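Numbering (full-length UniProt numbering) for the sequence shown: 1 to 454.
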Amino acid sequence: MDSPRRGMRKPYNQALSKDPGERQSSWANVTVRPCKPDDRIFNKWDRVRDEILSRMDLAHVSTVGCYRMGIKNSPHKPRPTIFISGNYSRNLKAIEKARQTINGILKKYNLAEMRIVFPEGRFSRHASDAEAEEAEPKPKRDLMEAGGVFHPDVVRIRSVPGQSLALKEDASSSGTFGGFFEITLPGIGKPKVVGITCFHVINPTLKEKGDMAKATIMKWREEGIKPKDGMAQHLTVSHPSPHAIKENIQLLKKEVDKIQTPNYKLFDELVGYGGKLRKGDGMAYTQAKERLSGCKALLRDIKELDAGFGRVWVASCFRPAQAASIDDGMNLLPTNYDWALIEVPPERVGGNTSPLPDSLHGVTLCISGQRSGYSEGTYNPLNEAYVDHEIIDGVVVCLATVEHGVAPKGNNTYFAKPGDSGSLVYTKDTHVVVGLCFGGCPRFPFTSYFTHIR
1 MDSPRRGMRK
11 PYNQALSKDP
21 GERQSSWANV
31 TVRPCKPDDR
41 IFNKWDRVRD
51 EILSRMDLAH
61 VSTVGCYRMG
71 IKNSPHKPRP
81 TIFISGNYSR
91 NLKAIEKARQ
101 TINGILKKYN
111 LAEMRIVFPE
121 GRFSRHASDA
131 EAEEAEPKPK
141 RDLMEAGGVF
151 HPDVVRIRSV
161 PGQSLALKED
171 ASSSGTFGGF
181 FEITLPGIGK
191 PKVVGITCFH
201 VINPTLKEKG
211 DMAKATIMKW
221 REEGIKPKDG
231 MAQHLTVSHP
241 SPHAIKENIQ
251 LLKKEVDKIQ
261 TPNYKLFDEL
271 VGYGGKLRKG
281 DGMAYTQAKE
291 RLSGCKALLR
301 DIKELDAGFG
311 RVWVASCFRP
321 AQAASIDDGM
331 NLLPTNYDWA
341 LIEVPPERVG
351 GNTSPLPDSL
361 HGVTLCISGQ
371 RSGYSEGTYN
381 PLNEAYVDHE
391 IIDGVVVCLA
401 TVEHGVAPKG
411 NNTYFAKPGD
421 SGSLVYTKDT
431 HVVVGLCFGG
441 CPRFPFTSYF
451 THIR
């Protein structure tokens, strides 16, 4: 993740509006939804966002976005609001200075009525591991444990998109296996089937590595992994992840102990000797026996599983570049590329197809992530900016990128959670794959980002 997790402190949501009824409110009561085409900011956002990025001091800024913000159960309609997420708890003076700068920009575009909020929080890449204390700027991962949704089929059939995946060498790391793609390489007639996840999910740690291995890993992070990279053959992948296997073995053992109560053991012994139970006791015993049998069968399947899922074949590195899917590639700011393709053995291969829609505006998007399970959100047509901070020669350098974003839908707090990196993002109605989830804001406004697939 890109930084140690910070607890949310005081929300600074003072608006530019002078309405007397305006007052600060808890983020727990706030709703965040994408702006609509009839909002005045809609067609001006790209210019407003880019000017904010060029004129603001970005030292404490993590993301710059625009959404409709409202209060739950309020009679007032949600209003377009600019969100400047970042680390402000110890830099309160920066808020007022930023507000004055943005206020001037909004007046320039005849948008002075818009609100500005400064939630405490930072962007994170949605893998989960315990490596955040590693003293290096990347990988940027989350501290949260994987947990999430474990589907029994992941140990019983070839593979299950939406379930966990990780480097075999790193038992604490966990992301999500997105699914399969067929790609055609120049000079090779037969398509190649590969699995997909995020690069930061399979990015190896530098801990306990020799100098040569460290140099190779740093090169991968800067230049990516090429198809014929001999060193990449050591990047073997497990699906499900070692963490998920260990965690669910522990949960199943606890469930077995919970079922085998003294009463259950007594009933089991009576039935074993041919005795009969009362109707109510008999039903309870039968249900418990079925649950116990299911738990033991799943435990046996997990222990017999060979989770080997091939090796990393090619990957993007941590690379910002121009994206054709944002302003037809004409935007001056780059976007994050964060993907990895896995060479999967034939016996574990499934398949995907994905014709793309012309536009994602107003489209309900879905993921199936190892932490979130099935989740829905709404595409944000006003592309957010993410600000990365790196120390180069002792100087903090800020690099802004523009990303495809998704807002939570309905009563959902999140669209994606840490551990969901690598999940395919697809349309709800047509099941068309549009991208690969790679990160988001684990604090308010809980938005998520994906790499667009075209």
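A virtual CB, placed ideally from N, CA and C, is assigned to each residue, including glycine.
In this text, all values refer to a predicted model and were calculated from it rather than measured experimentally.
Which two residues bound the contiguous alpha helix (DSSP H) that contains residue i?
i    : result
L106 : L92 to K108
W220 : D211 to E223
W339 : Per DSSP, W339 belongs to no alpha helix (DSSP H) and is neither H nor E.
D384 : Just to set this straight, residue 384 is Glu in the shown sequence, not Asp. That residue, E384, is in no alpha helix (DSSP H); its beta strand (DSSP E) goes G373 to I392.
L252 : P242 to I259
T313 : A quick correction: the sequence has Trp, not Thr, at residue 313. No alpha helix (DSSP H) holds W313; the beta strand (DSSP E) holding it covers G308 to A315.
V271 : P262 to G272
H200 : F199 to I202
A321 : From DSSP, A321 is part of no alpha helix (DSSP H) but of the beta strand (DSSP E) over R319 to A321.
I52  : W45 to R55
Y285 : K279 to E304
Residue i and residue j: beta carbons closer than 9 Å?
i    : j    : result
Y426 : L341 : no
F415 : S368 : no
H200 : F446 : no
R47  : Y109 : yes
G178 : I196 : yes
N248 : F309 : no
N43  : I71  : no
C398 : G121 : no
I245 : A288 : no
L292 : V155 : no
V64  : R49  : yes
R311 : T236 : yes
K276 : L270 : yes
L53  : V395 : no
R300 : S159 : no
H389 : A59  : yes
L436 : S423 : yes
D170 : T205 : yes
R90  : P80  : no
A307 : W220 : no
S241 : D338 : no
Mark residue i as exposed unless 16 or more other C-beta atoms lie within 10 angstroms of its C-beta, in which case mark it buried.
i           : result
K207        : exposed
S74         : exposed
G104        : exposed
T184        : exposed
T451        : buried
Y374        : exposed
T413        : exposed
S174        : buried
I157        : exposed
residue 463 : Residue 463 cannot be examined here, being either before or after the span of the chain that is shown, 1 to 454.
M231        : exposed
T176        : buried
K97         : exposed
Q233        : exposed
N203        : buried
D19         : Its pLDDT being 34, under 50, D19 is placed unreliably by the model, and the measurement read from it follows with that caveat. Result: exposed.
F444        : buried
A112        : exposed
K417        : buried
R23         : Confidence at R23 is low in this model, with a pLDDT of 37, below 50, so its placement is unreliable and the value that follows should be read with caution. The residue in question, R23, is exposed, as its Cβ has fewer than 16 Cβ neighbours within 10 Å.
Q250        : exposed
M212        : exposed
For the beta strand (DSSP E) holding residue i, just list the boundary residues, first then last.
i    : result
E403 : V395 to P408
A166 : S164 to L167
H452 : S448 to H452
I157 : It is not in any beta strand (DSSP E) - I157 carries neither H nor E in the DSSP assignment.
F118 : F118 -> no beta strand (DSSP E), and no H or E assigned at all.
F177 : Here F177 belongs to no beta strand (DSSP E), and DSSP marks it neither H nor E.
V432 : Here V432 belongs to no beta strand (DSSP E), and DSSP marks it neither H nor E.
G187 : No beta strand (DSSP E) contains G187, which DSSP labels as neither H nor E.
S368 : T364 to G369
M69  : V61 to I71
G32  : It is worth fixing the name first, because residue 32 is Val in this sequence and not Gly. V30 to R33 is the span of the beta strand (DSSP E), which, as asked, contains V32.
L424 : L424 to T427
S421 : Counting along the chain, S421 falls outside any beta strand (DSSP E), and DSSP gives it neither H nor E.
S74  : Unbroken run through S74: none, as it is neither H nor E.
T413 : Element bounds for T413: n/a, residue is neither H nor E.
S238 : T236 to S238
Q) Taking one C-beta from the stretch 164-177 and one from the stretch 273-286 each time, how about it: are there three or more such pairs within less than 8 Å? A) They do not touch, by the three-pair rule.
Q) Is the number of C-beta pairs between the stretch 82-97 and the stretch 392-406 that are closer than 8 Å three or more? A) Result no; under three Cβ-Cβ pairs closer than 8 Å.
Q.
Measuring CB atoms only, is the stretch 28-39 touching the stretch 373-393, in the sense that at least three cross pairs come out at less than 8 Å?
A. Enough Cβ pairs lie closer than 8 Å, so yes.
Q.
Quick check: the stretch 333-340 against the stretch 313-320, are at least 3 beta-carbon pairs closer than 8 Å?
A. Yes, they touch.
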